[in-house]
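A.B. asks: Questions regarding the structure given below will be posed in turn.
Residue numbers (the working numbering): 72 to 680.
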């Protein structure tokens, strides 16, 4: 006999106010998919409006009657009491969060919201890693693992990818704010990677990157192969890919020719040893000695391909490398990447989720370690986001169809339509009698997967102008800014529970780990500001550069902030060291650099057309 649910439990209802009864002190809330709930306000109910990092608490308790108007998005957390007939509950609201001061008012759409956020996150990591500004930025003090409040934790492992991801964040913060400390952090980190994590193979004329170094006093032990469980004792493609993320974003700001040389020789590594020249795509792992993707020593990673090895080139470094150089070979690389994804990753006759793991011949690998036949929600969203970026470089109907397919399916199977936010890893198929795709480990929500949802729907609304994408972008960003910002210790939480409360156990308690550095949170700030201001709100933005003399090819600085639809933006004005400068191509989004022996700071105002 089924057990009757006759106990209390707490949860969050997210939705839009449809009615507020001042006499009863009750509110009706319609969820994202149209289900209506009734909530009761108690004398102890309190409320706040989402505030940015380093902003004071924004109490809204005394304004509930004003804010609970039809159309207002609200996060209502409370307790369900089984007081009525069977299956009937009283929902008493204990706390509420509003994303803005009224219907259709979202604080995260403010012109400087994401810029303020990236500045705060950047300062937190400068302080945590280097005790800056009290001490100089010195990457010998960098540690992969950081406590919740930023304290250094565990051994003295310095992982290449986490340094690179932090460098990416600092470079992005400089591009948006012009603060020299961020550029210093990016450039010193890039140099540290070159000096300590880079292996130059003179015979093969290529570069590959160490997994990291183990530091003990003045001694360091280089770790060539991955120490991460899935990839142990191999050279995984994604580690080589993310080694370039930070340096290339730094290159966009300074044009350092050494960075470009490193990138070219690392791409040569991909082409020589990771690329499958017969069947397409890139192998996920190669043997560290023979550089063979089919070596028996690779065991479960032998002759495999996956999302990270095929698709992650684009968002990690390749789009930014193309933006900075406009080299046609990188445009071709991007096109090949997205053609490959479009051809092989769709699997809609079997699942609403893309297929992510493959054997050499592109047959599906559904037995791989933890992944099995499971889908990562964020990877689906990431594909939609990056396919839409590519439309600005080379429009293809196939890209539009694929990205729109993902955008239509994911809210049904990967979004929490009851509470808001995006889930983590789910089973790709339903078993008989099931209505919901099962969560593999938990129903928690990771910060990086929220980023993918926000960016996917922001750029898709900006490009395709579908109001449904606008609504989903707003809901995604509102959830993230309501619950992921750590107003006590800085930066963002790794995970929240389904109801929005932060989850602070194990590795998910940390602000620095194998998974978390300054990348996704700061990438989100950079690109959300770009998409929101330039494509949607139609507001100007300033970007900053500080090139080395005789750096960029032909003295041409490319300043487009991302691959956006052709003709959607232009340069309004340029300043060099605070003085007006007129040698620029407004529509072409380029600045002709002055002949100088000194570095100059360039401020470029970009406006929507």
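Yeah, the Cβ is synthetic: ideal placement off N, Cα and C, and Gly gets one too.
Predicted model only: the values in this text are computed from it and were never measured.
(1) Taking all protein chains shown into account, decide if residue 332 is buried (16 or more other Cβ within 10 angstroms of its Cβ) or exposed.
(2) What residue ranges within the region 556-628 form continuous beta strand (DSSP E) runs of no fewer than 3 residues, ordered along the chain?
(3) For the beta strand (DSSP E) that contains residue 294, what are its first and last residues?
(4) Going by other Cβ atoms of all chains shown within 10 Å of its Cβ, with 16 needed for buried, is residue 442 buried or exposed?
(5) Which of the three DSSP states, helix, strand or coil, is assigned to residue 486?
(6) Would you mind sorting residue 273 into buried or exposed? The rule is 16 or more other CB atoms within 10 Å of its CB.
(7) Quick one: what does DSSP say residue 130 is sitting in, helix, strand or coil?
(8) What are the boundary residues of the beta strand (DSSP E) that includes residue 445?
(9) When the Cα atoms are used, what is the spatial distance from residue 585 to residue 128?
(10) Reducing DSSP to helix, strand and coil, say where residue 323 ends up.
(11) Roughly how many whole angstroms lie between the Cα atoms of residue 195 and residue 561?
(12) What does DSSP give as the partner residues of residue 228 in its beta bridges?
(13) Within the same chain, show all residues whose beta-carbon is closer than 7 Å to that of residue 623, passing over the 5 residues directly before and after it, in chain order.
(14) Closer than 8 Å is the cut-off here; do at least three beta carbon pairs connect the region 363-377 with the region 292-309?
(15) Which residues in the same chain as residue 534 place their Cβ atom closer than 7 Å to its Cβ, once the five residues preceding and following it in sequence are excluded?
(16) If you draw a straight line from the C-alpha of residue 390 to the C-alpha of residue 409, how long is it?
(17) Starting from residue 651 and walking both ways along the beta strand (DSSP E), at which residues does that stretch end?
(18) Apply the 10 Å Cβ neighbour rule to residue 113 and answer buried if 16 or more other Cβ atoms are within range, or exposed otherwise.
(19) Can you name, in chain order, every residue of its own chain whose Cβ lies under 6 Å from the Cβ of residue 85, other than the five neighbours on each side?
(20) Taking the alpha-carbon of residue 257 as reference, which of 590, 605, 402 and 292 has the nearest alpha-carbon?
(21) Checking the sheet assignment: what are the DSSP bridge partners for residue 676?
(22) Can you tell me whether residue 307 is helix, strand or coil according to DSSP?
(23) To the nearest whole angstrom, what separates the beta carbons of residue 448 and residue 495, a pair I think is in contact under 8 Å?
(24) State the CB to CB distance for the pair residue 582 and residue 217, rounded to an integer number of angstroms; the pair is presumed to be in contact (CB under 8 Å).
(25) By how many angstroms is the C-alpha of residue 368 removed from the C-alpha of residue 529?
(26) For residue 167, list the residues DSSP reports as bridge partners.
(27) From the DSSP output, which residues share a beta bridge with residue 184?
(28) Does the pairing of the region 232-245 with the region 308-324 give three or more beta-carbon distances under 8 Å?
(29) If you follow the alpha helix (DSSP H) that residue 380 is in, where does it begin and where does it stop?
(30) How many angstroms separate the CA atom of residue 285 from the CA atom of residue 297?
(31) Suppose the cutoff is 8 Å on Cβ atoms and the five residues either side in sequence are ignored; what does the same chain contact list for residue 249 look like?
(32) Just to confirm before moving on: does the CB-CB distance between residue 117 and residue 132 stay below 8 Å?
(33) So, are the CB atoms of residue 464 and residue 392 less than 8 Å apart?
(34) Please state the DSSP three-state secondary structure of residue 434.
(35) For the alpha helix (DSSP H) that contains residue 534, what are its first and last residues?
(36) Reducing DSSP to helix, strand and coil, say where residue 92 ends up.
C.D. replies: Quick answer:
(1) On the chain shown, position 261 is the one that residue 332 refers to. The residue is exposed, with fewer than 16 neighbouring Cβ atoms inside 10 Å.
(2) 612-616
(3) Here residue 294 is taken as the residue at index 223 of the chain shown, counted from 1. 290-294 is the extent of the beta strand (DSSP E) around residue 294.
(4) Position 371 of the chain shown, counted from the first residue, corresponds to residue 442. The residue in question, residue 442, is buried, as its Cβ has 16 or more Cβ neighbours within 10 Å.
(5) The count along the chain shown starts at 1 and reaches residue 486 at position 415. Strand at residue 486.
(6) Counted from its first residue, the chain shown places residue 273 at position 202. Exposed, since its Cβ has fewer than 16 Cβ neighbours within 10 Å.
(7) If you number the chain shown from 1, residue 130 lands on position 59. Looking at residue 130 - three-state DSSP - the assignment turns out to be strand.
(8) Here residue 445 is taken as the residue at index 374 of the chain shown, counted from 1. From DSSP, the beta strand (DSSP E) with residue 445 extends over 445-447.
(9) Working through the chain shown from its first residue, we reach residue 585 at position 514. Working through the chain shown from its first residue, we reach residue 128 at position 57. A direct Cα-Cα distance of roughly 32 Å separates residue 585 from residue 128.
(10) Residue 323 sits at position 252 when you count from the first residue of the chain shown. In this structure, residue 323 counts as helix in the three-state DSSP scheme.
(11) Residue mapping note: residue 195 aligns to position 124 of the chain shown, counting from 1. Residue mapping note: residue 561 aligns to position 490 of the chain shown, counting from 1. Using only the alpha carbons, I get a separation of about 6 Å.
(12) Along the chain shown, one-based indexing puts residue 228 at 157. DSSP output for residue 228 lists 285 as bridge partner(s).
(13) Taking the chain shown and counting its residues from 1, one reaches residue 623 at position 552. For residue 623, where only same-chain residues beyond five positions count, the Cβ hits under 7 Å are 326 and 664.
(14) yes
(15) The residue labelled residue 534 in the question sits at position 463 within the chain shown. For residue 534, where only same-chain residues beyond five positions count, the Cβ hits under 7 Å are 459, 462 and 636.
(16) As a first step, residue 390 must be located in the chain shown, where it is residue number 319. As a first step, residue 409 must be located in the chain shown, where it is residue number 338. Rounded to whole angstroms, residue 390 and residue 409 show a C-alpha spacing of 12 Å.
(17) In the chain shown, the residue the question calls residue 651 occupies position 580. Residues 650-652.
(18) Taking the first residue of the chain shown as position 1, residue 113 is located at position 42. Exposed, because fewer than 16 other Cβ atoms sit within 10 Å of the Cβ of residue 113.
(19) By 1-based counting over the chain shown, the position of residue 85 is 14. Excluding positions up to five away in sequence, the list reads 146, 490 and 491.
(20) Here the question's residue 257 lines up with position 186 in the chain shown. Here the closest residue by C-alpha is 590.
(21) One-based indexing of the chain shown puts residue 676 at position 605. Note: residue 676 sits in a beta bridge opposite 613 and 644.
(22) As a first step, residue 307 is located in the chain shown; it is residue number 236 there, counting from the start. Three-state result, residue 307: strand.
(23) Locating residue 448 in the chain shown gives position 377, where the first residue counts as 1. Locating residue 495 in the chain shown gives position 424, where the first residue counts as 1. Contact between residue 448 and residue 495 holds: their C-beta atoms lie close to 6 Å from each other, under 8 Å.
(24) The residue you call residue 582 lines up with position 511 of the chain shown. The residue you call residue 217 lines up with position 146 of the chain shown. Between residue 217 and residue 582 the Cβ distance is about 4 Å, and since that is below 8 Å, they are a contact.
(25) As a working note, residue 529 is residue 458 in the chain shown. As a working note, residue 368 is residue 297 in the chain shown. Each residue's alpha carbon lies about 43 Å from the other.
(26) Position 96 of the chain shown holds residue 167. DSSP, once it has assigned bridges, lists 118 and 147 as partnering residue 167.
(27) Start at 1 with the first residue of the chain shown, and residue 184 comes out as number 113. Beta-bridge pairing by DSSP links residue 184 to no other residue.
(28) Yes: at least three Cβ pairs fall under 8 Å.
(29) As a working note, residue 380 is residue 309 in the chain shown. 378-381 is the span of the alpha helix (DSSP H), which, as asked, contains residue 380.
(30) Within the chain shown, numbered from 1, the residue matching residue 285 stands at position 214. Within the chain shown, numbered from 1, the residue matching residue 297 stands at position 226. Each residue's Cα considered, the two are about 12 Å apart.
(31) Position 178 of the chain shown, counting from 1, holds the residue named residue 249. Excluding positions up to five away in sequence, the list reads 613, 615, 672 and 674.
(32) Mapped onto the chain shown, residue 117 falls at position 46. Mapped onto the chain shown, residue 132 falls at position 61. Taking 8 Å as the Cβ cut-off, residue 117 and residue 132 qualify as a contacting pair.
(33) Position 393 of the chain shown, counted from the first residue, corresponds to residue 464. Position 321 of the chain shown, counted from the first residue, corresponds to residue 392. Not a contact, by the Cβ cut-off of 8 Å.
(34) On the chain shown, position 363 is the one that residue 434 refers to. In the structure shown, residue 434 adopts coil according to DSSP, grouped into three states.
(35) One-based indexing of the chain shown puts residue 534 at position 463. That run of the alpha helix (DSSP H) goes 518-535.
(36) For the purposes of this step, residue 92 is taken as the residue at position 21 of the chain shown. Residue 92: strand per DSSP, three-state reduction.
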